Every structure is written in C-alpha cells, then in structure tokens.
Amino acid sequence: VFWLHQGKDKPKDRQHVAFTARSRAEVDAFYAAAIAAGGKDNGGPGLRPHYHANYYGAFVFDPDGNNIEAVCHAAE
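Quick look at the structure:
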C-alpha cells in the first residue's frame with residue numbers, strides 16, 4: 098500500500114496515482130491489502146472495458162482522499 102502525507106493538514110487537491118500490476122491476481126491483492134489497511138472502496142477489482150478490452154483495475158481512496166489504482170493490461 099502506498100500512502101504519502103506530511104503535516105497535520107490534509108491536502109486540498111486530491112491526486113490519482115496508478116500502479117501497473119503484472120497480473121489480475123496482483124490487482125486483487127492490492128485491493129484487499131488497501132481495504133485491510135484502512136483504504137476506502139472506489140471501485141473493486143474488475144474489467145473496465147470502457148478504457149480498453151483488457152483493462153483490469155481496482156481503485157481505493159487513501160486516508161487523505163487520493164485515488165490509488167492498480168491496473169493490469171494483460172489479457173487473462
């Protein structure tokens with residue numbers, strides 16, 4: 098899980114950070130670990146064909162409200 102935060106105040110502008118996963122199983126593991134660590138669901142693991150046919154991603158909000166994504170582009 099990847100969280101960054103400095104200081105006491107939460108940032109005003111939220112960011113979207115995406116990590117490339119080698120497999121869909123890694124996307125699933127990212128999502129499970131992030132939720133277990135206190136992340137908030139922003140889209141569970143699954144295909145997102147509106148991006149492209151093999152786009153398999155998961156999204157969570159970190160404690161500061163940033164959108165953190167893991168995505169696999171491989172066909173499985």
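Using our numbering, you'd call the opening residue of the sequence shown number 98 and step up by one each time. Just so it is clear, CB atoms sit at the ideal spot from N, CA and C, and this is done for glycine as well. Given the structure is predicted, the values throughout are model-derived calculations rather than measurements.
Is residue i helix, strand or coil by DSSP?
{"i": "TYR152", "result": "coil"}
{"i": "ALA167", "result": "strand"}
With C-beta atoms as the reference, is residue i less than 9 Å away from residue j?
{"i": "GLY154", "j": "PRO142", "result": "yes"}
{"i": "PHE156", "j": "ASP138", "result": "yes"}
{"i": "PHE176", "j": "ALA172", "result": "Residue 176 lies beyond the residue range present for the chain, which begins at 98 and ends at 173; the question has no answer from this structure."}
{"i": "ASN164", "j": "ARG111", "result": "yes"}
Tell me residue i's beta-bridge partners as DSSP assigns them.
{"i": "VAL157", "result": "ASP138 and ILE165"}
{"i": "ALA115", "result": "GLU166"}
Under 8 Å by Cβ, that's how I've got residue i and residue j pegged, so tell me the actual separation to the nearest angstrom.
{"i": "VAL124", "j": "CYS169", "result": "5 Å"}
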